[in-house]
Amino acid sequence: MAEAKKGGWLKAAVVGVLGLGGGAAGTYTTALIDKVVKPPLPVANFAAAADGLTVTCQNHATGETGWWDFGDGSPLEPFTPSVPSVTHTYTKAGNYSIKLVVRNFTADENERSVGVEVGGGAKTGPRLLPRISTFAVSPVSSASVAPATFRLTADVSDADNCVFDYGDGRLEVAGGGRIDRLVTFDKPGAFPIQLMAHNATAAAKQAQSVKVDAPAEGTLVAVLRVLDSGTRVERQTHNETVAVPAPKDSRRAAFTRAIPARPGAVLVSAVAAGNVAGVRNLRVEVSADRKSAVVTGEWAGKGGSDVLVPVQLVEERTTTVQGMPETITGVFATFGSRTTLTLPLPPAPTGIANPRRKMSLEIRQSGPAGTGRVVAAAPDVTFPWTGRVAAFVPVRAEVVGGQVVLTAGN
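Our numbering puts the first residue of the sequence shown at 1246, with every later residue one more than the last.
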């Protein structure tokens, strides 16, 4: 009963945050929760509407900190969870990509980008309705017994985001386009799986049901866990202005100013953004530690006015990315004779550098009344791998074409 209440609360909270009744959904992807309590992942969810050169972003996001990038080289704007909307005015018409990055207090990060066309003095026209085609749910192995993994595929167009409701209290958010993902149900039951596609103005939905049976005594189940990690490098361009006051003594006209990089970022380049009147021998350089830009020169202005030096900075921010473990399971059709089982590997994450994948493998044998035991295990497996079940049945595993192929028996 407690688990059911927890699942219902989680579902209600995520539905409320994402605005599934009409707004666009967020863009983070959660893997399977492996019975580890963690703080909620942040959701970079917002809807953007243009009126002339001004864009209004309705804030539906969660997270503790973050920033808005309006894609025109202007300074990043801080994200404030309690502010319902933010506006930004562009200097010229065109197509821009607005990005929101949010983080929670454990440094989990999520981002979303929305394209917007501004200019012409007219409001943006209505979006096309989202479309879902070829939504299919298929079991990984011939017997769908707990724990059972299913493969979900779909083609989604004209949608910013998709939300999966797995019918057991779990929600998962993904982007549009071609969808290919795996989901595992740990317990027996019937589960209605719904796929909802959203853009800023409309939604579409399709559903399919799956049934997971309890395993018969003696059933052998292979359990593969996959954990992906790496680093993400983001590059931002923005402008800063250095004010050079008129010196009291014209013989001491030399100046040095430092522009610090933003927290967590390092500088790639720094240049003067255009011709600057009133300054001689102007130099803009990145410091040796790449944490600041150093602006030097000599004041040569007229009268007692300050001289403003515009500087364009390019920064890089590197963050560590680690997903939740994904679980893929399959059932050996027979035991005692040679049998083969194929487990599909989840696709490697995109947009990260230095990708690392850690995998573990277990083979479990079901006992009476829902009990079971591990009969072979490789907590940090590398392939090809060889083990034994019940001390006498050999099991071999290798990666073939994006799948783990297990063979039991001689």
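The C-beta atom is built at its ideal place from N, Cα and C for all residues, glycine as well.
Note that the coordinates shown come from a computational prediction; the quantities given were computed from them, not determined experimentally.
Of the listed residues the options, nearest to residue i (C-alpha basis)
i	options	result
VAL1300	HIS1333, VAL1626, PHE1395	HIS1333
VAL1487	ASN1599, ASP1534, PRO1505, SER1474	PRO1505
ALA1419	TRP1630, ALA1289, GLY1434	ALA1289
ARG1641	GLY1318, LEU1586, SER1402	LEU1586
GLU1309	THR1351, SER1342, ASP1473, GLY1615	THR1351
VAL1328	LEU1286, TRP1312, ALA1445	TRP1312
VAL1359	THR1584, THR1482, ALA1292, HIS1483	ALA1292
PRO1320	PRO1555, GLY1412, VAL1471	PRO1555
VAL1626	GLY1412, GLY1339, VAL1471, THR1563	VAL1471
GLN1667	GLN1303, SER1386, GLY1475	There is no way to answer for residue 1667, as the model of the chain reaches only from 1246 to 1655.
GLY1615	ARG1477, THR1464, ALA1578, ASP1534	THR1464
LYS1536	GLU1543, PRO1508, GLY1542, VAL1521	PRO1508
GLY1412	GLY1434, GLY1339, ALA1294	GLY1434
LYS1338	ALA1538, ALA1295, TRP1630, LEU1651	According to the sequence as given, residue 1338 is Ala; it is not Lys. The shortest Cα separation from ALA1338 among ALA1538, ALA1295, TRP1630, LEU1651 belongs to ALA1295.
GLU1485	ALA1538, ALA1498, ASP1534, ASN1526	ALA1538
SER1387	ARG1415, PHE1436, VAL1331, PHE1577	PHE1577
VAL1363	PRO1589, PRO1570, THR1336	THR1336
THR1446	PRO1285, VAL1521, GLN1648, LEU1374	LEU1374
PRO1285	ALA1623, LEU1527, THR1325, GLU1417	GLU1417
ALA1533	PRO1437, ALA1503, LEU1527	ALA1503
Beta carbon of residue i nearer than 7 Å to that of residue j
i	j	result
ASP1512	VAL1531	Looking at the sequence shown, residue 1512 is not Asp but Leu. Yes, the pair counts as a contact, with Cβ atoms nearer than the cut-off.
ILE1712	LEU1469	This structure does not reach residue 1712, given that the chain is present from 1246 up to 1655, and the question cannot be answered.
ALA1545	GLY1523	yes
ARG1480	GLU1356	no
ASP1551	PRO1492	no
ALA1515	LEU1553	no
LYS1638	ALA1621	Per the sequence shown, the amino acid found at residue 1638 is Val instead of Lys. Going by C-beta atoms, VAL1638 is not nearer than 7 Å to ALA1621.
VAL1644	PHE1628	yes
GLU1462	PRO1613	yes
SER1582	GLY1654	yes
GLY1617	ALA1467	no
ASP1425	THR1398	yes
VAL1529	ALA1517	yes
GLY1316	SER1342	yes
SER1378	ASP1410	no
ALA1456	ALA1391	The amino acid at residue 1456 is misidentified as Ala; the sequence shows Lys. Not a contact, by the Cβ cut-off of 7 Å.
ASP1473	PRO1594	yes
ILE1597	ARG1497	no
THR1307	PRO1323	no
GLU1590	GLY1647	Correcting the residue identity first, residue 1590 is Leu in this sequence and not Glu. Result yes, Cβ atoms of LEU1590 and GLY1647 sit closer than 7 Å.
Bridge partner(s) assigned by DSSP for residue i
i	result
HIS1305	In DSSP, HIS1305 forms no bridge with anything.
ASP1458	VAL1390
PHE1436	VAL1455
TYR1341	VAL1361
LEU1592	The sequence as given places Pro at residue 1592; Leu does not occur at that position. In DSSP, PRO1592 forms no bridge with anything.
LYS1450	MET1441
ASN1355	VAL1347
LEU1427	ARG1396
SER1383	ARG1396
LEU1586	LEU1651
GLY1311	VAL1347
THR1332	THR1301
VAL1288	THR1307
SER1661	A question about residue 1661 goes unanswered here, because the residues of the chain that appear run from 1246 up to 1655.
ALA1598	THR1476
Inset, instruction - Could you pull out every unbroken beta strand (DSSP E) segment of at least 3 residues lying fully inside the stretch 1601-1655, listed in chain order? - result: 1617-1623, 1630-1634, 1638-1645, 1648-1653
Legend entry - At least three beta-carbon pairs within less than 8 Å, the stretch 1593-1613 to the stretch 1401-1409: As far as the Cβ criterion goes, the stretch 1593-1613 does not touch the stretch 1401-1409, which means the pair count is below three.
Inset, instruction - Inspect the CB distances between the stretch 1337-1348 and the stretch 1371-1387 and report whether three or more fall short of 8 Å. - result: no
Inset, instruction - Assess, as a yes-or-no matter, whether the stretch 1299-1313 is touched by the stretch 1429-1443 under the definition of 3 or more beta carbon pairs within less than 8 Å. - result: Between the stretch 1429-1443 and the stretch 1299-1313, the count of C-beta pairs closer than 8 Å stays below three; the two stretches do not touch.
Inset, instruction - Counting only runs of 3+ residues fully inside the stretch 1524-1583, write out the beta strand (DSSP E) ranges in chain order. - result: 1524-1531, 1537-1544, 1552-1567, 1571-1576
Inset, instruction - Evaluate contact between the stretch 1586-1603 and the stretch 1445-1460, counting only Cβ atoms and requiring at least three cross-stretch pairs below 8 Å. - result: no
Legend entry - Whole runs of the beta strand (DSSP E) within the stretch 1451-1518, excluding any shorter than 3 residues: 1465-1489, 1499-1505, 1510-1517
Legend entry - Ranges of the beta strand (DSSP E) found wholly within the stretch 1390-1424, counting only runs of at least 3: 1393-1410
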